[in-house]
Amino acid sequence: MTALNVMDRQLLSVLIDPIKAEFGVSDGAMGLLTGTAFAVLHGTAGIPIGLAADRGVRRTIVSTGLAIWSLLTLLTGFARSYAEIFAIRVGVGIGEAAGGAPSQSLLADVFPPERRATALSILAIGGPLGSVLVFALGGWLADAYGWRVAFMVFGAPGLLLAALIRFSVPEPARGIHDTHTIPFLVGLRFVFTVSSIRSVLFASGLHATAVYAVLGWSVPYLTRVHGISTTEAGARLAVASGLLSALGTLVGGALADRLGQRDRRWLVWQPAIALLLAFPFAVGFLFAHSASAAMWLLAPVSVLTGSCLGPFYSVVQTVVPPRMRALSAALVITSNTILGLGIGPPLVGWLNDVGAARFGAESIRYSLLAAMSMVLVSAGFLGWAGRSLEADLAAPRLDARDAMG
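Heads up, the sequence shown is in our numbering, so the first residue is 18 and it goes up one at a time.
1. Unbroken alpha helix (DSSP H) runs of length 4 or more, entirely within the stretch 52 to 116: which are they?
2. What do you get for E407, buried or exposed, if any count of 16 or more other CB atoms within 10 angstroms of its CB means buried?
3. Report all residues from its chain with a CB closer than 6 Å to the CB of T248; omit the five preceding and five following residues, and keep chain order.
4. Evaluate P430 with the Cβ neighbour count: other Cβ atoms within 10 Å of its Cβ, from every protein chain shown; 16 or more gives buried, anything less gives exposed.
5. Helix, strand or coil: how does DSSP classify V42 here?
6. Measure the CB-CB distance between C325 and P297 and report whether it falls below 9 Å.
7. By DSSP, does F128 sit in helix, in strand, or in coil?
8. Leaving out five residues on either side along the sequence, give the residues of the same chain with a beta carbon under 6 Å from the beta carbon of L89.
9. Nearest to V54 by alpha carbon, out of I290, L29, G67, S148?
10. Between which two residues does the alpha helix (DSSP H) harbouring G251 extend?
11. Out of A114, V31, R72, which one is the CA nearest neighbour of G63?
12. With distances taken between CB atoms, is the gap from I350 to V365 smaller than 9 Å?
13. What three-state label does DSSP hand V151 in the structure shown?
14. Checking contacts by CB at 9 Å: is S30 closer than that to chain D?
15. Measuring straight from C-alpha to C-alpha, what distance separates W423 and L385?
16. Rounding to the nearest angstrom, what Cα-Cα distance links A373 and V242 in this structure?
17. Taking the C-alpha atoms as reference points, what is the distance between I139 and S148?
18. Quick check: what's the CA-CA separation for A167 versus N22?
19. Grouping DSSP H, G and I as helix and E and B as strand, with all else coil, what is D280?
20. Please determine, among V31, T266, T61, the residue with the shortest C-alpha to C-alpha distance to L50.
21. Note down the Cα distance separating S246 from A257, rounded to an integer number of angstroms.
22. From R26 to W86, what distance separates their C-alpha atoms?
23. Would you give the residue range spanned by the alpha helix (DSSP H) that L356 belongs to?
24. On the three-state DSSP scale, how would you describe S307?
25. Using CA coordinates, which residue listed in L303, G172, V392, L293 is at the minimum distance from L150?
26. Measure the C-alpha to C-alpha separation of V170 and L267 and round it to an integer number of angstroms.
27. Below 9 Å between beta carbons: does that hold for P145 and G327?
28. Kindly examine the ligand PLP and report whether one of its heavy atoms sits closer than 8 Å to the Cβ of L178.
29. Does the Cβ of A411 have 16 or more other Cβ atoms within 10 Å, making it buried, or fewer, making it exposed?
30. Quick one: using the 10 Å Cβ neighbour count with 16 as the cut-off for buried, is F209 buried or exposed?
31. With 16 other CB atoms within 10 Å as the buried threshold, where does Q121 fall?
32. What separation, rounded to the nearest whole angstrom, lies between the Cα atoms of I36 and I102?
33. Going by Cα to Cα distance, which pick from L321, A56, E379, L393 is closest to T240?
34. Helix, strand or coil: how does DSSP classify L32 here?
35. Just to confirm, are V228 and T335 a CB contact at a threshold of 9 Å?
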């Protein structure tokens, strides 16, 4: 399901140039379409959906959201204007908001804390695998049959999976000895008063700013600067970005769990170190002299940035009480959506337009560099989270019965 989530979200990024050409819009407008249109309600809808998941049947919430976003992805192939695609993307954002937080809540109730980063990494690995498929097939479908057919092909499978989830996936028991519901405002206040969670929310969001910018504009970067086709760019990115990011996600979660058994602060130290190591390779990727060199330099960036996903979610899921897990996951997703999708792709599109007069097609290099620099700020927030994580884990957990007086 995570793979379908990313495929339906990211397909538009692969098809930026053909859609831009058909509707005659700017890079700035396409940045809004790939980022802001999706992020506007995806981010805000995630919190009430997470709240509902902490109280209701998560299986039903997930399957309904999947059906909605898959149908709307399919309908994108019939859009007649930029405005229609924008409106559909807003709807896709709402539907996809029902996928992430409830799914994480389900896993957090199945796996103990010492195995949680690995479990959440396996869930998150669907994202990079979805990128592999969308990069490998999206560009080819667009070149062979047109961008509209690509949306129809990618939207259809989700409708079948939604029915499968609804009627075959069991609803696990929630946290032991936690049968009371924590009031929404009490839970929200608790999350934002915990220093480590607050820092991780900013770190995750800024990490997403860089990642979504690269995912959103890598195909145009390769086609415009290095002169390769959309099909070739997609095939190369499927390996250098998708597969290697999946590897990083899996290894990063397992490594964080192993190191975390010695010192739980490794849950934030490990991604901080990974992001600091990734930045020099990202600069090399953006200023490489050939597409092949760019791909070799993107490979370590994908592994290192992918390794952060499991630890981000694991920290938050471990610190909060069981009845707040979907809400806390929704807050991470909201941060990723607003700071990541809401800022990353639109920022690059706007900077492309601003720099076009001076740098021409090369302006995309500098635009992506500005977005990628956010990984350094993210690493700083993770370092700050490490200062209080031990104390936050040792502090008494918020209990629903205490919250209710």
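Don't be surprised by glycine CBs; every beta carbon is placed ideally from N, CA and C.
Looking at the coordinates:
1. 54 to 70, 75 to 93, 99 to 113
2. exposed
3. G156, W157, D160
4. Residue 430 lies beyond the residue range present for the chain, which begins at 18 and ends at 422; the question has no answer from this structure.
5. coil
6. no
7. coil
8. I105, G108, V109
9. Looking at the sequence shown, residue 54 is not Val but Ala. With distances taken between Cα atoms, A54 lies closest to L29.
10. For G251, the enclosing alpha helix (DSSP H) has its first and last residue at 247 to 254.
11. For the residues A114, V31, R72, the minimum Cα distance to G63 belongs to A114.
12. no
13. helix
14. Annotation note: the requested chain D is absent from the structure, which comprises a single protein chain.
15. Any question about residue 423 goes unanswered here, given that the chain covers just 18 to 422.
16. 13 Å
17. 15 Å
18. Distance between the alpha carbons of A167 and N22: 15 Å.
19. coil
20. Closest by C-alpha distance to L50, out of V31, T266, T61, is V31.
21. 16 Å
22. Take the alpha-carbon of R26 and the one of W86: they are about 9 Å apart.
23. It is not in any alpha helix (DSSP H) - L356 carries neither H nor E in the DSSP assignment.
24. coil
25. G172
26. 28 Å
27. no
28. No copy of the ligand PLP appears in this structure; indeed no ligand is present at all.
29. Counting Cβ neighbours within 10 Å, A411 comes out exposed, since fewer than 16 surround it.
30. exposed
31. So Q121 ends up on the buried side.
32. Approximately 10 Å between the Cα atoms of the pair.
33. E379
34. coil
35. no
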